[in-house]
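Encoded as structure tokens, the structure appears first; notes follow it.
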Ligand SMILES: Cc1ncc(COP(=O)(O)O)c(C=O)c1O
């Protein structure tokens, strides 16, 4: 496999186009596709397609591949596990990889208290179960989450998601008793220039308890420490510590959704560690398990024991292959210096994006935490009108030239980086060059 971009055909190539025709014929239009490229092989931070073209991957399967594609120890662990047993169901017999992973997550999740962990298959499924656990433990029904937040697409998780289009169109009614509050998005709030305005201050929660829902009815506040799908928005440093304090005062649980921000992406195992907050529950998935389907809810032991016997579970939750992969992947994040590497990648990306911002007026804002870096594209720096079409054009020019990269944000105008943390400096620089050329073309 090449160490960098190699393009042998037009993009998408003929075999990718053939597969795309089958995709359109046999799968529903509701699943969007960032690119029409069909992959035959992946390694580290590179993807090779069915036509023999090699791309640099800054999407990482939407933030699921922090340890890189086919990380050696992960594939070995999966193969060894496959030789022993594939599926048993943790509700039928015990098996060690499930328990070892629960033990590991209880050790590494933030919080100096006794914890327990339950495993599921997807981020959304873990979110749905966190709602059940919070309600069962507190005996309360309401949940507070954030505008622009994303927690998944199952009916429960979707209710918490704070963006209507496209996720909620035509599929409601969703879970009742969910209250969305504004996420402190200082770039877009003209009133937040000196300090957070009233709506973006943690104190706004108290206003919500006065005017919309009694604090005594709220089971949990759930938040992404850094917005993922919402556009990589980083809150002011003290924000979540204060939210947590208000939760504590009112007997409300604080849940951190680390599905996208966890496992090294921001330079810490969990993004919430940057803010010195110990959540009552942490939701993990994606990069926890090196490319296999797995999620977890880890929380205070007494909270996790809230639901009655039989109220939690699922046939495949904590599948042995995924648990074995996760144990190997977490080891890699902790022992192979990926946390420090995330800081380096983040600092370099931030520097390069800021330099691009000086040259390209279309870049309104550059922001991020660790290797979770983004640029927000606007048609006008004063009005901050989202440059939605130009962003789509930049993404297309990028993949046509060998870089696969994602957008995010309510206006689909934020370009974000979720590259595997094993990416080399050379591959990073190649990616910057492709992106900058695409930005130049979009601005022209
Ligand atoms: C922060 C966050 N929470 C939850 C989810 C849902 O995870 P899944 O797609 O595995 O259901 C996502 C997915 O992107 C996410 O980014």
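In my numbering, the protein residues as written are 1142 to 1585. We treat Cβ as the ideally placed atom computed from N, Cα and C, and that holds for glycine.
Shown here, residue 1155 sits in a helix according to DSSP, grouped into three states. Residue 1529: member of the alpha helix (DSSP H) spanning 1529-1541, first to last residue.
Residue 1437 sits in a strand when the DSSP states are folded into three classes. Every alpha helix (DSSP H) of 4 residues or more that sits fully in the segment 1360-1397 is shown, in chain order, as 1380-1390.
Per DSSP, reduced to three states, the secondary structure at residue 1548 is strand. Shortest Cα-Cα distance from residue 1304 to any of 1241, 1353, 1366, 1370 involves 1370.
Assigned with DSSP and collapsed to three states, residue 1513 falls in strand. Closest in alpha carbon position to residue 1578, among 1500, 1550, 1517, is 1500. Taking the Cα positions, residue 1154 is about 20 Å away from residue 1144. DSSP, read as helix, strand or coil, puts residue 1240 in helix. Cβ contact annotation for residue 1193 (same chain, cutoff 6 Å, sequence separation greater than five): 1149, in chain order. In the three-state reduction of the DSSP assignment, residue 1206 falls in the coil class.
At the C-beta level, residue 1466 and residue 1425 stay beyond 8 Å of one another.
The Cβ-Cβ distance between residue 1180 and residue 1190 falls below 8 Å. Shortest Cα-Cα distance from residue 1421 to any of 1503, 1457, 1253, 1351 involves 1253. For residue 1274, the enclosing alpha helix (DSSP H) has its first and last residue at 1264-1279. Residue range 1479-1500 is occupied by the alpha helix (DSSP H) that includes residue 1491.
Judged by their CB atoms, residue 1256 and residue 1247 are nearer to each other than the 8 Å cut-off. Remark: the C-beta of residue 1404 is outside contact range of ligand 1, defined as less than 7 Å to any heavy atom. At the C-beta level, residue 1474 and residue 1207 come within 8 Å of one another.
Look at residue 1521 here: in three-state DSSP terms it is coil, with no helix or strand label. Placement of the Cβ of residue 1475 at a distance of 7 Å or more from every heavy atom of ligand 1 is found. Around the CB of residue 1210, 16 or more other CB atoms lie within 10 Å, so the residue is classed as buried.
One alpha carbon belongs to residue 1201, the other to residue 1560, and they sit about 5 Å apart. Nearest to residue 1390 by C-alpha distance, out of 1188, 1361, 1398, 1213, is 1361. Taking C-beta atoms as the reference points, residue 1429 and residue 1437 count as a pair closer than 8 Å. A straight line joining the alpha-carbon of residue 1357 with that of residue 1405 spans about 35 Å. Shown here, residue 1183 sits in a strand according to DSSP, grouped into three states.
When beta bridges are read from the DSSP output, residue 1188 appears opposite 1183, 1196.
In this structure, ligand 1 has a non-hydrogen atom nearer than 7 Å to the beta-carbon of residue 1268. Between the segment 1534-1548 and the segment 1565-1585, the count of Cβ pairs shorter than 8 Å is three or higher; the stretches touch. Relative to ligand 1, even the nearest heavy atom lies 7 Å or more away from the CB of residue 1428. CA-to-CA, the gap between residue 1526 and residue 1368 works out to about 20 Å. When the beta-carbon positions are compared, residue 1419 and residue 1366 stay at least 8 Å from each other. Assigned with DSSP and collapsed to three states, residue 1249 falls in helix. In summary, residue 1173 is exposed, with fewer than 16 beta-carbon neighbours lying within 10 Å of its beta-carbon over all protein chains present.
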